[in-house]
Amino acid sequence: MIEWSDEDRMIQKAIRDWVDAELRPRVDELESGQLPPYDLIRNLFRTFGMDEMARSSFKARAEAERSGAERKSGGGGNPALSILPIIELCKVSPGLVTAMGVSLGLAAGTIMKRGTPEQRERWGLDLLTFDKVGAWAITEPGSGSDAFGGMQSTARKVGDEYILNGSKTFITNGPYADTIVFYCKLDDGRPPREREILTFVLDRGMPGLEQSKPLRKMGLHGSPTGELFLSDVRVGPDRLLAGGGSGKESAKQNFVTERAGLAAMALGVIEECLRLSVEYAKNRVLWGKPIGEYQLIQLKLAKMEVARLNVQNLVFRHIEMQRAGRTPTLAEASAMKLYAAQAAVEVTNEAVQLFGGNGYMSEYRVEQLARDAKSFQIYAGTDEIQITHIARDLLSR
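Just so you know, my numbering puts 289 at position 308 of the sequence shown, and the rest follows in order with no gaps.
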C-alpha cells in the first residue's frame, strides 16, 4: 500500500465534512473543559452508523458462538475504516480520540477478549455502541512505568466474593466512566511482585468506589483524566474476567493495540501542522516577501514532510498487517510508537517556531497540537520504555 484508495478517500472526505461541521466549532469548549467529548463521539457514531454496525457485529458473534460455528480471524474487510477516523479527528482533537480509543479499544476490547458471553452481553455491547463510557484502570500513583511490579491495588478473597482496595491515577475517562476495567493483585500472602494479576469490571456508583473530578493537565484537554479510589469495594465472581490468559498478558496485548494506534494519531497531528505551516508560510510577509521564500523556513517544511511520509508509511504497513491477519509484536508496536511520537513532537515544535509569537498563542492551533503531541511520548509507555522493549527483542534473537 503506497496511497489511499478511492474508497478510502470517499470515507476520508465524509469524516472531514463531519469534523468541519461538528468538531471544529466546538474545539474551544473541549479545550476549556466545559464540554466533555462523549456527546460528540455519540454524534459521530450515529452519523456514520457505527453504533448499529457494532450491534450487528455483536449479534453475529453471539449467534456464531451459540451455534458452535468457528469464528473467522484475520484478513478481510477494510482496516482503513478504523484508521481514517483516527487520523482526521486527531487533526483537531487528539484528546477526543484518546477518550474514544480507551473506551472502545481498551475497556470494551478487554471485556470482549476475556469476558464470558454473559459478561460481554452485560458490559461489552453498551461500550461498543458508546451508549456507555469505559475506563481502563492500571496506572497507580507509585507505579508509573513499573505498572505490574509496582501495583499496590489488591483483591482479597472472602468466601465467594472479593474485596477490592487501592487507587489509580491518570485514568482516561475516569471522572465520567460508567464501566471500569480494574487491574489489581490477588492478596494471597505471597510477596507483592509474585502475586497474580486479576481483572474486574466495576460500575459507576458501587459502594466504596470514588471517581475524582477531571485533573488539570498540559494537553489532551478533550480527554477527561481522573483518579479512582477503592475502599472495601465488594464484588462477586461474576465481575472477574477470567478468560483469555492472565491479567498481565491481557494488559500487554492492549499495550500493542494502543501503541500501534498511536502512529495514526501522530499522523493526523503531523498532517494538520504541516497544512497550517504551509498556509502560514505563504501568507506571512516579512521584509517584503512571504516567509516561505526563506531557506530556513523551507528547511522546516521539508523536515515536516519527511516526517509525514515516514509516519504515513508506518500506518500503511500496519493496515497491510491487519489485512494479512497479523498482529504486531510488542517490539514492533513499540517501534511504531517511539518513532511516531518523536516525529509528532518535533513537527509540532517546529510549527510553533515557524509561527513565531503567534505560535505561542492559543488562537493558533499549532499551540494546542504541540501540547497534545507531548503526551504521545508519555502515555501507553514512555519513550524510554519503548526503547527497552525494542532492545530486549533484538537481544533475545
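All C-beta atoms in this analysis are idealised placements derived from N, C-alpha and C, irrespective of residue type, glycine included.
Residue i, DSSP secondary structure in three states
| i | result |
| --- | --- |
| I278 | helix |
| A118 | strand |
| T135 | strand |
| I467 | Given that the chain is displayed from residue -18 to residue 378, the structure contains no residue 467 and the question cannot be resolved. |
| G306 | coil |
| T369 | helix |
| S315 | helix |
| L196 | coil |
| V73 | coil |
| P98 | helix |
| G56 | Caution applies to G56, whose pLDDT of 46 falls short of 50 and renders its modelled position unreliable; the value that the coordinates give is listed next. Here G56 sits in coil by DSSP. |
| P18 | coil |
| K113 | coil |
| P156 | coil |
| P172 | coil |
| R378 | coil |
| D127 | coil |
| L267 | strand |
| L257 | helix |
| D62 | Residue 62 is actually Leu in this sequence, not Asp. Helix. |
| L201 | coil |
N- and C-terminal bounds of the beta strand (DSSP E) containing residue i
| i | result |
| --- | --- |
| R215 | 206 to 216 |
| I359 | I359 -> no beta strand (DSSP E), and no H or E assigned at all. |
| T164 | The sequence shown places Tyr at residue 164, not Thr. It spans 160 to 167 - the beta strand (DSSP E) in which Y164 sits, taken as one unbroken run. |
| L190 | 190 to 192 |
| Y143 | 142 to 153 |
Contact belief for residue i with residue j at Cβ below 8 Å, rounded distance in angstroms
| i | j | result |
| --- | --- | --- |
| L62 | I(-4) | So it is not a contact: roughly 10 Å between Cβ atoms. |
| K166 | E177 | 7 Å |
| R289 | L255 | 6 Å |
| V259 | L282 | 6 Å |
| E208 | T150 | 5 Å |
| I366 | S126 | 5 Å |
| D168 | R137 | 4 Å |
Sequence-distant residues of the same chain with beta carbon closer than 7 Å to residue i, five excluded per side
| i | result |
| --- | --- |
| P311 | Just to set this straight, residue 311 is Leu in the shown sequence, not Pro. Answer for L311: K233, F236, V237, H370, listed in chain order. |
| Y360 | none |
| Y157 | P17, Y19, V114, P205 |
| V296 | I64, A244, A245, L248 |
| D32 | F26, T110, F111 |
| G56 | At G56 the pLDDT is 46, less than 50, meaning the model places this residue with poor confidence; the figure from the coordinates comes in the next sentence. Contacts found: R304, A305, G306. |
| D213 | I144, N146, G189 |
| E3 | L21, N24 |
| E46 | P98 |
| G90 | N235, T238 |
| L340 | Per the sequence shown, the amino acid found at residue 340 is Gly instead of Leu. Excluding sequence neighbours, G340 sits near A332, V333, Q334, V347, E348. |
| T79 | T153, L201, S204 |
| W385 | With the chain covering -18 to 378 only, the question about residue 385 has no answer from this structure. |
| P60 | I300, Q303, R304 |
| T308 | V237 |
Distance between residue j and residue i (C-alpha atoms, nearest Å)
| i | j | result |
| --- | --- | --- |
| L183 | D107 | 14 Å |
| A247 | K113 | 27 Å |
| N154 | Q279 | 40 Å |
| V73 | L257 | 12 Å |
| S54 | D374 | Annotation note: pLDDT 48 at S54 (below 50); position unreliable, no value reported. |
| N330 | L277 | 15 Å |
| M(-18) | E239 | 22 Å |
| R(-10) | N294 | 17 Å |
| D353 | M132 | 27 Å |
| E327 | M285 | 8 Å |
| G140 | S377 | 43 Å |
| D(-13) | M81 | 27 Å |
| G170 | M187 | 27 Å |
| G130 | F181 | 18 Å |
Span of the alpha helix (DSSP H) around residue i
| i | result |
| --- | --- |
| Q(-7) | -13 to -1 |
| D9 | 8 to 13 |
| D219 | That residue, D219, is in no alpha helix (DSSP H); it is neither H nor E in DSSP. |
| S38 | 31 to 48 |
Cβ-based neighbour list, residue i, same chain, cut-off 6 Å, excluding 5 preceding and 5 following
| i | result |
| --- | --- |
| R298 | none |
| I272 | A262, R265, I278 |
| A314 | V237, R240, A241 |
| R5 | V73 |
| A43 | none |
| A316 | I371 |
| L87 | W117, N235 |
Interface flag, residue i vs chain D, CB-CB below 8 Å
| i | result |
| --- | --- |
| E253 | Of the protein chains in the structure, only one exists, and it is not chain D. |
Cβ shell of residue i (< 8 Å), same chain only, five flanking positions each side left out
| i | result |
| --- | --- |
| D364 | L319, A322, Q323, Q358 |
| E252 | I68, K72, R289 |
| L350 | P75, V250, E253, C254, T329, A332 |
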